[in-house]
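Under our numbering, the first residue of the sequence shown carries the number 33, and numbering increases by one thereafter.
From the three backbone atoms N, C-alpha and C, an ideal C-beta is built for every residue, glycine too.
Here the structure is a predicted model, which is why all the values come from computation and not from measurement.
Working notes, beginning with the structure itself.
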Amino acid sequence: MRRLLLPAIISAVFATAHQYHFAHLDANWNSRAKTLEVTVRLHADDLEQLLRQRAGRSVELDRDPQAEELACAYTLETVAFERTRLRCLGMQVARHSATLFLEAPAEAPPVRARFRSFSAHFADQINTVQLLTDNQRTGATVAFLAADQWKALPR
Numbered sequence: 033m034r035r036l037l038l039p040a041i042i043s044a045v046f047a048t049a050h051q052y053h054f055a056h057l058d059a060n061w062n063s064r065a066k067t068l069e070v071t072v073r074l075h076a077d078d079l080e081q082l083l084r085q086r087a088g089r090s091v092e093l094d095r096d097p098q099a100e101e102l103a104c105a106y107t108l109e110t111v112a113f114e115r116t117r118l119r120c121l122g123m124q125v126a127r128h129s130a131t132l133f134l135e136a137p138a139e140a141p142p143v144r145a146r147f148r149s150f151s152a153h154f155a156d157q158i159n160t161v162q163l164l165t166d167n168q169r170t171g172a173t174v175a176f177l178a179a180d181q182w183k184a185l186p187r
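Structure representation (structure tokens):
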């Protein structure tokens, strides 16, 4: 019986851990309002783990009153668009994901972006950016790997 217990425990641990690290960002340029509206979707477990390390204490996204402030600060450090100053509007937490909402004044669609969320923590992290204009896709999705810095966005 004991020999069967250890494999069962190990299987349960691997079944609950996700097997890849991925984040996605939609950047919508609103031509009427002249704003860049950004949604960043991150894996909730990864974000909680990172915020725990940074805060030096337990952080639960859906329970900690400072979680949104901590998540916004981290996201603003790791997401950037050339010649744009983003501000965080808030966060929505679901079972497996956290979505952060950012915004900035923008006279035109962004030309270059940087998306480094979790890249310093997970070697296999893949981040993707989809540019939109007035909620319509403007080109191919741009992938950011851990070693990537600034990249051009499709026009």
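*Indicate the three-state DSSP secondary structure (helix, strand or coil) for threonine 48 in the structure shown.*
Position 16 of the sequence shown holds residue 48. The pLDDT assigned to threonine 48 is 46, lower than 50, so where the model puts this residue is not dependable; a value taken from the coordinates is nonetheless given after this. Looking at threonine 48 - three-state DSSP - the assignment turns out to be helix.
_For proline 186, which residues in the same chain have their Cβ closer than 8 Å to its Cβ, ignoring the five residues on either side in sequence?_
Position 154 of the sequence shown, counted from the first residue, corresponds to residue 186. So the list reads Leu163, Thr170, Gly171, Ala172 and Val174, once near-sequence residues are dropped.
*Taking alanine 145 as the reference, give the member of Gln181, Pro137, Leu132 and Leu177 with the closest Cα.*
Along the sequence shown, read from residue 1 onward, the residue named residue 145 stands at position 113. The candidate whose alpha carbon is nearest that of alanine 145 is Gln181.
_Separation of alanine 112 from glutamate 139, as counted between CA atoms_ = In the sequence shown, counting from the first residue as 1, residue 139 sits at position 107. In the sequence shown, counting from the first residue as 1, residue 112 sits at position 80. Cα to Cα, glutamate 139 sits roughly 16 Å from alanine 112.
*Which partner residues of alanine 136 appear in the DSSP bridge assignment?*
Taking the first residue of the sequence shown as 1, we reach residue 136 at position 104. Looking at the DSSP assignment, alanine 136 forms a beta bridge with Leu68.
*Among the residues of its own chain, which have a CB less than 7 Å from the CB of histidine 128, if the five just before and after it don't count?*
Within the sequence shown, the letter at position 96 stands for residue 128. Here the set comprises His75 and Ala76.
_Cβ separation of threonine 165 and proline 142, assumed to be a contact under 8 Å, to the nearest whole Å_ = Indexing the sequence shown from 1 puts residue 165 at position 133. Indexing the sequence shown from 1 puts residue 142 at position 110. Not a contact, Cβ separation roughly 11 Å.
_Touching by the beta-carbon criterion (3+ pairs, under 8 Å), the region 92-101 and the region 60-74_ = no
_For a quick check, are the C-beta atoms of leucine 118 and glutamate 135 less than 8 Å apart?_
By one-based count along the sequence shown, residue 118 stands at place 86. By one-based count along the sequence shown, residue 135 stands at place 103. Contact flag set, yes.
*Between Glu69, Phe54 and His53, which lies nearest to glutamine 4 when the distance is taken from Cα to Cα?*
With the chain covering only 33 through 187, there is no way to say anything about residue 4.
_Output needed for histidine 192: all residues of its chain with C-beta closer than 7 Å, excluding positions within five of it in sequence on either side, in chain order._
Outside the displayed range of the chain (33 to 187) lies residue 192, so it cannot be described from this structure.
*asked:* Let's test the definition: count the other Cβ atoms within 10 Å of the Cβ of isoleucine 42 and tell me whether it reaches 16, buried, or not, exposed.
replied: Along the sequence shown, read from residue 1 onward, the residue named residue 42 stands at position 10. Low local confidence applies: a pLDDT of 35 at isoleucine 42 is under 50, so the model's placement there is unreliable, and no value is given.
*In three-state terms, what does DSSP make of aspartate 257?*
Limits of the chain in this structure are 33 at one end and 187 at the other, which puts residue 257 out of reach.
*asked:* Can you look up leucine 83 in the DSSP assignment and give me helix, strand or coil?
replied: Looking up residue 83 in the sequence shown gives position 51. DSSP places leucine 83 in helix when its eight states are reduced to three.
*Along the chain, where does the beta strand (DSSP E) that runs through threonine 160 open and close?*
Taking the sequence shown and counting its residues from 1, one reaches residue 160 at position 128. First-last of the beta strand (DSSP E) with threonine 160: 158-165.
*Please report the residue range of the beta strand (DSSP E) in which alanine 145 lies.*
On the sequence shown, residue 145 is found 113 positions in, with the first residue counted as 1. 144-147 is the span of the beta strand (DSSP E), which, as asked, contains alanine 145.
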